[in-house]
Structure formats: structure tokens, C-alpha cells
Amino acid sequence: MAIGELASPDDRARLPRAHEGARALQLSDVGDDLLVSSLYGASNSEIIPSRTLATPLVLGEVLLSTLGINFRAACVDDDVPPNTFPVDGWVRLRFRETPAAWAPLLSTEPLRSQATRLTVGSVQQFVPPDALRSLQVPTPPREVRDRWQRAVERHRARRGSLDHQWSALANELSAVFDAVHQPFANARSHAKEDSQ
């Protein structure tokens, strides 16, 4: 079936102005695991309203890249920071059921191949958003999609736990580094005071 028959259409309206605390989700913010990360995802780059979609990310949305050479899918995680807006290089899809199961299916080589044939442009090749909705995907039975959905959710939970552990380790290492170097920092500040 065509993606447009399985998912509701996206809203391509642009952000009228950058909100305070808003974050932009760039194509590079999504890893190979197809999830939008809470800790290392949405970049802090400046939001360009004319290039950013107006509605913040919603849990369960599936995003498809319009960049032909970097065609990828992403599933919006439940720890995505609020006020995160996708750049216009993403097309938003809202599947009626098992949304996380569709992201891996949309990231397969046959879908990439279809998307490549739909690209336009000479320097940077993009797939028009309307054309992405015409991509043909197999429709696995619901029980298969339920199994995939659970697998993605288990991966998401495990990755969240590992991200949290990694962040705690980084903070601990930073504290050790600061404690070891603090005497040298104090000695330098005393030396500067003595020289003045």
C-alpha cells in the first residue's frame, strides 16, 4: 500500500517565529537506531522559522527524511524534549496503529531505492513531500507489527537506561578531573595575585 493510505498527512506549515527554549530536530540528530534521542538528539542550533515546521514533535510520530542521499526514518520517542520542532527536511507521518513498527520498515533498502527514484534537483536531491506519500510499503499482519512495536519499545527503554548511565559516568569523570586539577588552578590564581 502507499504510505499515504496508512498514515495521516503531515502539516507543512512553517514556524512563524522562534519560541524561547525551542529546539530544532535536524536530520543529523537521528541515529542509526531510528530513535530521536533525548540526551544527544535535538540540536541546539539556532532555529530558522522559515525552515522549521510549526508543530512540535508528538509521541508516536514517524518522520521520513526528504533528503535523497540521506533517506531515513525516525520514530519520536517519549523522552524527546518538549518544544522540539522538526526542520522541513522531515515529513511527519501519523500511523493509526503500531507507529514504532513502521520506522524500521520505512528504513529498508527497497524504500530507499523507491525514494531515490523520486528525487528532484541537481546539487542536493530531495524527494518532494507529496511524492513520499506515494512510496509503496508491504503491510505485515498486525501480530507481526505488534511484535516489532514491542521490540522497538524494549530497545528504546534499554537505550534510555544506557544513556542515563553514560551521562552519570561522564559527570563522575568530570568531578574526578576537577578535583585532581583544583590545587593547580588555586596555585595559578595565587601566583597571578602575587605578581600584581
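Take 1 as the starting number for the sequence shown in the numbering used here and just add one per residue.
All C-beta atoms, glycine included, are put in the ideal place defined by N, C-alpha and C.
Quantities reported herein were computed from a predicted structural model and do not represent experimental measurements.
Going by alpha carbons, who is nearest to residue i out of the options?
i: F85; options: L25, A170, A2 and I3; result: L25
i: L64; options: D78, N186, P81 and A100; result: A100
i: P138; options: S107, E153 and G160; result: S107
i: R159; options: D79, R133 and V127; result: D79
i: A22; options: D10, P81, D146 and L169; result: P81
i: F95; options: P9, V127 and P110; result: P9
i: R150; options: E97, A18 and S113; result: E97
i: P16; options: V123, P140 and P56; result: P56
i: S113; options: L93, Q136, S122 and Q124; result: Q136
i: L105; options: Q124, S122 and V144; result: V144
Excluding the 5 residues preceding and the 5 following residue i in the sequence, name in chain order all residues of the same chain whose CB lies nearer than 6 Å to its CB.
i: R12; result: none
i: R133; result: I3 and G4
i: A18; result: I47 and P49
Leaving out the 5 sequence neighbours to the left and right, which residues in its chain are closer than 7 Å to residue i when beta-carbon positions are compared?
i: A131; result: L118
i: L75; result: Looking at the sequence provided, one finds Cys at residue 75 rather than Leu. Only L34, L35, V62, P99, A100, A103 and V152 meet the Cβ criterion.
Taking its Cβ as the centre, do 16 or more other Cβ atoms sit within 10 Å of residue i, making it buried, or is it exposed?
i: E5; result: exposed
i: D77; result: buried
i: V91; result: buried
i: V58; result: exposed
i: W166; result: exposed
i: I3; result: buried
i: L39; result: Residue placement at L39 cannot be trusted, given a pLDDT of 44 that sits under 50; the coordinates are not used to answer.
i: F126; result: buried
i: R142; result: exposed
i: L173; result: exposed
i: A179; result: exposed
i: S7; result: Ser is not the amino acid found at residue 7; the sequence shown has Ala there. Flag for A7 reads buried.
i: L162; result: exposed
i: A157; result: exposed
Which residue or residues does DSSP assign as beta-bridge partners of residue i?
i: Q136; result: A2
i: P128; result: For P128, which the question treats as bridged, DSSP gives no partner whatsoever.
i: T116; result: Bridge partners of T116: none, in fact.
i: R145; result: DSSP, once it has assigned bridges, lists no residue as partnering R145.
i: R94; result: S8
i: L105; result: According to DSSP, L105 bridges with nothing at all.
i: T55; result: BP columns for T55 are empty, so no partner.
i: V62; result: C75 and L93
i: L67; result: F126
i: R14; result: L53
For residue i, which residues in the same chain have their Cβ closer than 8 Å to its Cβ, ignoring the five residues on either side in sequence?
i: R14; result: P49, S50, R51, T52, L53, A54 and D88
i: E153; result: A100
i: L27; result: S65, L67, N70, R72, V87, G89 and W90
i: V120; result: F126, V127 and P128
i: N83; result: H19, G21, A22, R23 and P56
i: D146; result: T98 and A101
Output yes if chain C places a C-beta closer than 8 Å to the C-beta of residue i; else output no.
i: F71; result: No chain C is part of this structure, which consists of one protein chain only.
Self-check item: Contained beta strand (DSSP E) runs [length at least 3] in the segment 154 to 183, N- to C-terminal order
Solution: none
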